[in-house]
Amino acid sequence: MLDFTLALVGAGPLPELSMREGAQQLANRFSAELVPLACGSDPQTGLQALASRQHERSRPTLLLLSGDAAMAHGSTGSWLDALAAWRCPVLLLAQPNAAGLIPGLAPASVALCHSLNIPLVGVAQLGGSWDLAARRMDGLPWCGLLDTRDAGGLVSDALVRSIQQRWKRLNPGMNALMR
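In structure tokens, the structure reads:
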């Protein structure tokens, strides 16, 4: 298991700039190191490099994966396969369409994570307007809104608390780093 690491994975194709801004906001709030990797890179090599530096870290790591994490890379499999094998917790990022609806790739990504037995922290909505009633109707494990339009770059306390609680449940060792 990759202790103290949370992978941020897009549920479908998401704008890289929005993902990077959202990931940086989360990294700031968690006092975490942000490690961006492209999904075109070899997943086993990337995760092995993270694991080898794990003992040197005194703070959490947010692994930002850009691209299609479900796409297979020949014999090495996909990034999602590797995250499952390494038991690395995942936070999915989903972006609403122009009508404010969450595309079908979000529930499909949640289902794929469950089928691979990935420790899923939940789903954060990347931008857009937060409609609590609609999100409850989705039936997805929502953590909250990650608003990249916020000029101050502030992540809501509710989102941070939700992610923190769920991440700690998956990895009780996080209690030492997040107080």
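Here the sequence shown is numbered in the numbering used here, starting from 1 and rising by one per residue.
The C-beta atom is built at its ideal place from N, Cα and C for all residues, glycine as well.
Everything numeric in this text was worked out from a predicted model, so none of it was measured.
- The segment 63 to 83 and the segment 99 to 118 touch, with no fewer than 3 CB-CB distances between them shorter than 8 Å.
- If you compare the alpha carbons of S115, P141, G128 and G100 with that of L92, the shortest gap goes to P141.
- At least 8 Å separates the beta-carbon of V121 from that of R57.
- If you ignore the 5 residues before and after V160, its C-beta comes within less than 7 Å of the C-beta of R29, all in its own chain and listed in chain order.
- Bridge partners of T5 according to DSSP: T61.
- Rounded to the nearest whole angstrom, the C-alpha separation of R87 and I163 is 17 Å.
- An exposed status is given to N117, since fewer than 16 other beta-carbon atoms sit within 10 Å of its beta-carbon.
- In the DSSP assignment, S66 is bridged to A38.
- Boundaries of the beta strand (DSSP E) around L146: W142 to L146.
- With respect to the 8 Å criterion, A23 and L83 are not classified as neighbours on the basis of their beta carbons.
- With respect to G104, A124 sits apart: the two C-beta atoms are not nearer than 8 Å.
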